Amino acid sequence: MANSPALPPSSPWVERWLPEVARPYARLARLDRSIGIWLIAWPSFWRLEPFVNRSIAAAGNRGELPNLKMLALFGYGSTILKCVGCTVNDLLDRDIDRKVARTKNRPLASGVLTPCQGFYFLVFQVLLCRILGTSLLFLVFSYPLMKRITYWPQAYLGLAMNWGAILGWAAIKASLDPAVILPLYTALAFVGH
484 MANSPALPPS SPWVERWLPE VARPYARLAR LDRSIGIWLI AWPSFWRLEP
534 FVNRSIAAAG NRGELPNLKM LALFGYGSTI LKCVGCTVND LLDRDIDRKV
584 ARTKNRPLAS GVLTPCQGFY FLVFQVLLCR ILGTSLLFLV FSYPLMKRIT
634 YWPQAYLGLA MNWGAILGWA AIKASLDPAV ILPLYTALAF VGH
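Numbers given in my numbering equal positions in the sequence shown, counted from 1, plus 483.
Below, the structure written as structure tokens:
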């Protein structure tokens, strides 16, 4: 890595706590930027008390403490899926990213990581993701391609970011009642983003 282009420092925790060899992978996954994690996590954490007496992943009945196991599971899943999305995006857009000031220092665009290293990192992340919503992987993998075929890629991103609402409902209710999840998912996907 001595001949690799230098990357600007990311968040202090990446520099302080991760070994140097792991830092480009943390940047590739954008672990130093948490907003994507929250955008994926919130739909699965939301409470739906006006509609039903149970919430999605966050808690049981009204007045009960949140289900910490579910919160941890959906927090983990949100983190992994966001990282997968960032890695796929950077693999597909590395040639474009080299030409854009905002993205030219990303690990793949700058040459700090090779496409092969990025691909192996992606495989590792997908294996971590396997324990949860693999049904979401299609949306995560195809989102970067939407920038090439539509002027509305953020609408498609809304579909990916809010899939957690369906997973959360299924985890708590052990069902996929279309009368509940379709309006919920549609509202979150098209109004929430």
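No residue lacks a Cβ here, since even glycine has one placed at the ideal position from N, Cα and C.
These numbers come from a predicted model, not from an experiment.
Nearest-angstrom Cα separation, counted from residue j out to residue i
i: Arg-499; j: Pro-507; result: 14 Å
i: Phe-604; j: Ile-563; result: 12 Å
i: Ile-664; j: Trp-652; result: 8 Å
i: Leu-671; j: Gly-641; result: 8 Å
i: Asn-550; j: Lys-582; result: 46 Å
i: Met-644; j: Ile-523; result: 5 Å
i: Pro-495; j: Trp-525; result: 25 Å
i: Thr-714; j: Asp-576; result: Coverage of the chain is limited to positions 484 through 676, which leaves residue 714 absent and any answer about it impossible.
i: Ser-538; j: Ala-654; result: Note that Ser-538 scores a pLDDT of 49, beneath 50, so its modelled location is shaky and nothing firm can be said.
i: Asp-515; j: Gly-568; result: 14 Å
i: Ser-517; j: Arg-510; result: 12 Å
i: Leu-611; j: Pro-666; result: 30 Å
i: Arg-631; j: Gln-637; result: 12 Å
i: Asp-660; j: Tyr-668; result: 12 Å
i: Tyr-559; j: Leu-591; result: 25 Å
i: Ala-662; j: Phe-673; result: 17 Å
i: Glu-503; j: Ile-520; result: 23 Å
Residue i and residue j closer than 9 Å at C-beta
i: Leu-622; j: Phe-557; result: no
i: Cys-599; j: Ala-512; result: no
i: Leu-574; j: Gly-601; result: yes
i: Ser-593; j: Gly-647; result: no
i: Tyr-639; j: Ser-625; result: yes
i: Thr-570; j: Ile-579; result: no
i: Pro-627; j: Asn-572; result: yes
i: Leu-554; j: Phe-528; result: yes
Alpha helix (DSSP H) segment containing residue i, residue limits
i: Ala-657; result: Here Ala-657 belongs to no alpha helix (DSSP H), and DSSP marks it neither H nor E.
i: Thr-597; result: Here Thr-597 belongs to no alpha helix (DSSP H), and DSSP marks it neither H nor E.
i: Pro-526; result: 518-528
i: Leu-574; result: 551-580
i: Lys-630; result: 620-632
i: Glu-498; result: 495-500
i: Arg-506; result: 506-511
i: Ala-592; result: 590-593
i: Ala-638; result: 636-644
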